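**Q** Chain order of the listed sequences is A and B. Count the first sequence with my numbering and you get residues 77 to 554, in order. Count the second sequence with my numbering and you get residues 156 to 571, in order.
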Amino acid sequence: MSQLLNIALEEWRYWLRSHLALGGVTLFIILCIITSFLVTQDMYEKEATRTQQQLQAEETFLAQPDRHPHRMVHYGHYVFRTPAPLSLFDPGLDSVTGQSIFLEGHRQNSAMFANASAGAYLGGLSWLTPAMMYQLFAPLLIILFGHAAIIRERESGVLIPLLAQGLKSSRLIAGKALALLLFILILLLPLLPSAAFAMMKGESIRIIVMLFLVYFIYLCIWAALSLLFSAFLQRRSSILTILASIWLVLNLLVPAIAVNVSGYVFPLVGKIEKDLTMQIELRQLSDGHNANDPGFKALQMSLFKQYGVSRIEDLPINFRGQVALSSEKDMAVVLSKYAKGRMADETRQAQLIENHAWLSPIIALASVSRTLSGTDLEHYHRFLRQAENLRFEFIQGLNRAHIKHLSYHDDINRSKNEVSSLKARVDSSNWTVLNKFQFEPAQASIRLAESSYLISLLIVWFLVLLGGLFWSAARLKP
Amino acid sequence: MNAFRREITFMLSERTVMVLAMIVFCFSSLTLWFGHSAVKNQHASIDRLYVADQEDRLAIVPKLKNWGYSAYYNFHLTYDRPSDFAFVAMGQRDLLPWKHRLRMLALEGQIYERDVANPIFILMGRLDFAFLATFVLPLVLIILLHDIRSSERIAGRYNLLVATAGQGFSLWFVRVSLRSFIIFISLIIPLLIASFFIGVAFKTVLLASVYVFIYTFFWMLLCYWFSSWRLSGSVILVCLIAIWLLLAIIIPAGGRYAIEKTITIPSDADILLHQRETVNDAWDLPKESTMNAFVSRHPELSDHAIVEETFEWKWYYAFQQVGDQETESLSHAYRTGRIKRDYFADLVALLVPPALLERALQKLAETDMLAALAYEDRVRDFHAELRSFYYPKLFPDQPFDKTALDDLPVFNEKTE
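1. Please classify M119 (chain A) as buried or exposed, where buried requires at least 16 other C-beta atoms within 10 Å of its C-beta.
2. How is the alpha helix (DSSP H) around I218 (chain A) delimited, first residue to last?
3. What residue range is occupied by the uninterrupted beta strand (DSSP E) comprising V172 (chain B)?
4. Which whole-angstrom value is the C-beta distance of H231 (chain B) and R248 (chain B), which I expect to be below 8 Å?
5. Bridge partners of A190 (chain A), per DSSP?
6. Quick one: list the residues of chain E neighbouring W438 (chain B), beta-carbon separation under 7 Å, in chain order.
7. Using the C-alpha atoms, what's the distance from G242 (chain A) back to P206 (chain A)?
8. Using only the alpha-carbon positions, how far apart do E571 (chain B) and Q553 (chain B) sit?
9. What are the residues that DSSP puts in a beta bridge with K116 (chain A)?
10. Assuming T233 (chain B) is part of the beta strand (DSSP E), what are its boundary residues?
11. Closer than 8 Å, CB to CB, is V172 (chain B) near chain A or not?
12. Return the Cβ separation of L549 (chain B) and K442 (chain B) in integer angstroms, given the expectation that the two are a contact with Cβ distance under 8 Å.
13. What are the residues of the region 182-193 of chain B that lie near chain A, defined by any Cβ-Cβ distance shorter than 7 Å?
14. Determine, using beta carbons only, whether I226 (chain A) and A299 (chain A) come nearer to each other than 8 Å.
15. Less than 7 Å between C-beta atoms, sequence neighbours within five positions excluded: which residues of the same chain meet that for F178 (chain A)?
16. So L524 (chain A) and R312 (chain A) are supposed to be a Cβ contact under 8 Å. How far apart are they, rounded?
17. Taking buried to mean at least 16 other C-beta atoms within 10 Å of its own C-beta, is I163 (chain B) buried or exposed?
18. Can you give the beta carbon distance from G190 (chain B) to F242 (chain B), rounded, assuming they're within the 8 Å contact cut?
19. Do you know how far the Cα of E463 (chain B) is from the Cα of Y546 (chain B)?
20. Which residues mark the beginning and the end of the beta strand (DSSP E) in which K254 (chain B) is found?
21. Is DSSP giving F499 (chain B) helix, strand or coil here?
22. Is there a Cβ of chain A sitting closer than 8 Å to that of K254 (chain B), yes or no?
23. State the start and end residues of the unbroken alpha helix (DSSP H) segment that holds H153 (chain A).
24. Could you list which residues in chain A have their beta carbon closer than 9 Å to that of Q99 (chain B), in chain order?
25. Going along chain B in order, which residues have a C-beta closer than 8 Å to the C-beta of Q425 (chain A)?
26. Quick one: list the residues of chain A neighbouring F499 (chain B), beta-carbon separation under 8 Å, in chain order.
27. Quick check on the DSSP output: the alpha helix (DSSP H) that includes V409 (chain A) runs from which residue to which?
28. Contact check, L441 (chain A) vs Q211 (chain A) under 8 Å by CB: the rounded distance?
29. Taking only three categories from DSSP, how would you classify Q184 (chain A)?
30. Verify the contact flag: A288 (chain B), CB atom, against every heavy atom of the ligand SAM, threshold strictly below 7 Å.
31. Considering Cα atoms alone, identify which of A:L435, A:I479, A:K416 and A:L138 is closest to L533 (chain A).
32. Would you say N229 (chain B) faces chain A, with C-beta separation under 8 Å as the test?
33. Residues of chain B with CB closer than 8 Å to the CB of M188 (chain A), please, in chain order.
34. Three Cβ pairs or more, each shorter than 8 Å: is that satisfied between the region 172-192 of chain B and the region 462-469 of chain A?
35. What does the Cβ neighbour count give for K122 (chain A), buried or exposed, with the cut at 16 atoms within 10 Å?
36. Starting from the C-beta of S527 (chain A), find all residues in its chain whose C-beta is less than 7 Å away, skip the five residues before and the five after it, and write them out in chain order.
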């Protein structure tokens with residue numbers, strides 16, 4: 077054990093003498109602190125404004141005067157997506173997806189205005205977040221620190237006497253690995269404030285611990301790679317060159333190629349195009365604004381039977397409201413079918429990208445990081461689904477008010493004159509059918525379950541490299 | 156000249172150089188092929204939409220009873236086809252909309268609809284030629300050139316080489332230039348071939364090649380300068396990669412952040428809410444106030460701006476337009492804010508070559524922010540045309556005539 081520690085300590089001493097290594101780490105930590113600070117501040121700002129906007133939208137809705145309930149159906153409402161607590165670490169899709177939706181009757185609107193669409197474009201890599209610091213930059217530091225571990229001993233001629241004195245080569249590598257592990261732990265330290273802030277915002281400790289673990293494993297993969305090459309290759313300069321090339325391929329090329337392949341294998345049919353087909357389907361439905369549409373004959377008959385009457389005027393409820401209610405329900409079925417189809421297509425594309433995680437660990441890590449942080453595609457879809465639920469509920473609530481609180485007689489005479497149009501209203505207390513909206517990420521257990529496959533994939537990556545390392549250690553030749 | 160020929164033979168016999176050149180050649184071809192297929196997809200999507208849109212309009216016609224219904228139910232397709240050169244840089248086309256279906260309702264409520272790519276694609280970014288040239292090419296050069304002298308020192312040939320080559324400067328410079336040039340050639344030849352077959356304008360290809368050449372030259376000089384340090388290859392490599400990180404990621408990210416913080420634009424929610432509120436409120440406002448606001452823009456229709464019924468189509472479309480008028484200043488500020496941000500991004504890019512090259516290629520490919528804004532302007536013009544088609548029929552209550560619908564304005568693909 078003390079042998080192991082000695083080797084690790086010796087490695088640390090060597091690093092502490094290297095200006096290059098120290099400079100790199102200092103730069104990394106400073107950058108981490110700056111980006112963490114800026115991204116956190118940004119997230120707090122967004123949360124404050126969006127919560128405020130949400131409250132205001134709700135207040136405005138409730139403050140509407142007495143009206144015809146169907147006017148309120150078209151008046152509509154807005155929902156805003158407040159950022160997930162961990163978006164201060166990994167904002168994920170937040171900046172490239174719309175953060176607000178207008179909700180109204182008969183339609184499902186898309187989320188408009190992604191922040192990035194008004195951004196200053198300075199190249200495809202110009203989004204710096206704490207998560208990206210660890211995904212892209214930290215592996216370079218580990219390469220810088222780890223590549224020389226074994227080769228240095230070899231080049232300085234120390235390796236032969238060390239092994240001759242009876243030091244097991246696996247011991248030597250384990251000692252170097254220990255030094256690197258400690259280094260990785262220190263690299264992860266700047267994340268602690270972010271973690272604390274996220275916990276204050278209500279993030280579960282399980283998620284945070286898991287996030288640390290996943291990044292730890294990811295960096296360990298890079299450490300193992302560096303040691304492996306350091307043990308195998310004979311020339312120090314070529315080790316660094318090869319590791320840098322591997323970084324270039326795994327972290328820049330493979331993810332971007334994965335996107336191309338996914339788009340090529342499974343091109344997404346646009347929303348407008350799908351909507352055109354949807355319109356054809358919607359047109360088959362009866363027109364909810366027209367109670368005389370023959371499609372509502374059956375509804376009319378069943379109501380006649382239920383209430384024992386034979387004329388719409390004699391029904392104790394407002395038939396026009398009933399028509400609106402049933403038509404909205406039919407429409408929602410079609411609308412949701414298409415919305416789900418769109419989401420499934422997007423998820424399919426995302427999965428096609430994730431399939432490439434076997435080629436590059438960063439794909440797995442980035443995806444897990446977004447899922448755990450609540451900023452992945454699934455959470456964006458979750459926002460869309462929650463918005464649709466809210467929409468359907470308050471629209472149907474308004475339609476129910478239309479059925480119960482507005483007489484059919486007043487309703488059909490609403491356009492006769494000013495007086496009759498004033499009569500065709502319901503009390504504004506009915507607007508309370510609108511529920512409060514607050515977007516929250518999925519429960520910790522769900523997020524953990526969703527990322528379990530890719531986490532195990534990362535572990536496999538690590539174990540394979542670790543196996544390779546020990547295998548090569550046994551064959552370490554001076 | 157002898158030294159030059161010697162260097163060429165030497166380079167051709169070096170495996171690393173030739174392998175890297177081959178890899179660059181393959182990747183360049185691959186990205187162009189992916190780019191081409193993405194462009195083809197977009198064309199196909201527009202073609203399908205064009206047909207479906209026509210069919211949809213035909214299906215609508217029997218339903219129409221008056222001009223009001225006609226404007227309400229008739230949607231119109233607008234689109235922006237990818238340019239011939241878009242396969243080189245898909246740019247903002249994944250993020251910013253290039254197709255809409257609009258009707259004569261308030262435009263501000265429709266123009267911000269985004270039918271765009273999967274957000275994951277936008278976040279991760281495609282591997283297009285521009286990405287390859289901007290981010291990967293410098294790293295390849297760094298990997299290839301950083302130890303051009305130190306490796307010879309290690310091999311013990313340094314002094315011999317310098318002595319036999321005569322002038323020290325020209326030897327290393329020739330070697331660095333030759334290696335950079337072969338990488339540049341491997342990158343650009345697929346582009347030239349693809350452009351020739353696709354029929355891209357000669358000037359565009361030439362400009363793109365010159366940009367990439369200058370960019371290669373920049374990184375070559377940087378590597379040349381660094382490699383002359385009397386330090387180990389590893390140190391030089393680390394320094395060069397650090398510079399790459401600085402130029403490709405850190406400075407652009409900082410610049411982007413600074414620009415977006417200093418040049419504020421109206422919040423998305425403001426535009427959306429304001430527009431909806433004005434249109435919604437119009438139902439309860441006295442009709443004269445809406446019509447007066449409308450007539451201020453259309454004095455020629457003032458004789459027909461009296462609304463007597465509780466609902467009239469002309470009043471409905473008048474308040475749609477007034478909704479646009481009320482949001483005009485916000486929308487204008489949003490537009491100018493975006494232009495201003497783009498302008499400052501141009502300035503920052505002058506300091507960071509990677510951003511400069513990527514933006515330049517996107518400009519050539521017409522996939523940059525300004526191209527998207529130009530499309531937006533064409534959409535606005537088209538919407539205005541729709542209004543000037545319907546208003547003279549709607550407001551004087553002209554009898555509905557289905558044959559007149561043949562003269563409905565058609566969206567112009569490109570106005571030169």
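Yeah, the Cβ is synthetic: ideal placement off N, Cα and C, and Gly gets one too. Only a predicted model underlies this, so the values are computations on that prediction, with no experimental measurement involved.
**A** The relevant details are as follows:
1. Buried, since its Cβ has 16 or more Cβ neighbours within 10 Å.
2. A214 to G222 is the span of the alpha helix (DSSP H), which, as asked, contains I218 (chain A).
3. No beta strand (DSSP E) holds V172 (chain B); the alpha helix (DSSP H) holding it covers R170 to I215.
4. About 21 Å separates the two Cβ atoms, so there is no contact after all.
5. According to DSSP, residue pairing for A190 (chain A) in a beta bridge involves A:G174.
6. The question asks about chain E, but that chain is absent: this structure's protein chains are A and B.
7. Spanning the two alpha carbons is a distance of roughly 44 Å.
8. With a pLDDT of only 45 at E571 (chain B), under the threshold of 50, the placement of this residue in the model should not be trusted, and no figure is reported.
9. It is Thr, not Lys, that sits at residue 116 (chain A) in the sequence shown. DSSP output for T116 (chain A) lists no bridge partner at all.
10. T233 (chain B) -> beta strand (DSSP E) spans H231 to Y234.
11. Not one chain A Cβ lies under 8 Å of V172 (chain B).
12. In this structure L549 (chain B) does not touch K442 (chain B) by the C-beta definition: roughly 15 Å separates them, more than the 8 Å allowed.
13. Cβ contacts with chain A: F189, S192 and A193.
14. Going by C-beta atoms, I226 (chain A) is not nearer than 8 Å to A299 (chain A).
15. Excluding sequence neighbours, F178 (chain A) sits near G152, Y154 and N185.
16. With 8 Å as the limit, L524 (chain A) and R312 (chain A) do not qualify as a contact, their Cβ atoms being about 42 Å apart.
17. Using a 10 angstroms sphere on the CB of I163 (chain B), the tally of other CB atoms stays under 16, which defines it as exposed.
18. Approximately 3 Å separates the beta-carbon atoms of G190 (chain B) and F242 (chain B); this is inside 8 Å, confirming the contact.
19. Distance between the alpha carbons of Y546 (chain B) and E463 (chain B): 18 Å.
20. Taken as a continuous stretch (DSSP letters only), the beta strand (DSSP E) holding K254 (chain B) covers K254 to L257.
21. Per DSSP, reduced to three states, the secondary structure at F499 (chain B) is helical.
22. It does: the Cβ of K254 (chain B) has a partner Cβ on chain A nearer than 8 Å.
23. Run containing H153 (chain A): none in the alpha helix (DSSP H); it sits in the beta strand (DSSP E), H153 to F156.
24. No answer is possible for residue 99 (chain B): the residues shown for chain B start at 156 and end at 571.
25. The contacting residues are N273, I275 and F276.
26. Those within 8 Å of F499 (chain B) in chain A are A196.
27. Segment F395 to E430, the alpha helix (DSSP H) holding V409 (chain A).
28. Beta-carbon to beta-carbon, L441 (chain A) and Q211 (chain A) are separated by about 6 Å, close enough to satisfy the 8 Å threshold.
29. If DSSP states are grouped into helix, strand and coil, Q184 (chain A) belongs with the strands.
30. As for the ligand SAM, it is missing from this structure, which has no ligand bound.
31. Residue A:L435 holds the alpha-carbon nearest to the alpha-carbon of L533 (chain A) among A:L435, A:I479, A:K416 and A:L138.
32. No - not a single Cβ of chain A is within 8 Å of the one on N229 (chain B).
33. Going along chain B in sequence order, the residues near M188 (chain A) (Cβ under 8 Å) are Y267, E268, R269, D423 and L427.
34. The region 172-192 of chain B, when compared against the region 462-469 of chain A, does not touch it at the 8 Å Cβ threshold.
35. Buried, because 16 or more other Cβ atoms sit within 10 Å of the Cβ of K122 (chain A).
36. Same-chain partners within the cutoff: V444, T447 and L448.
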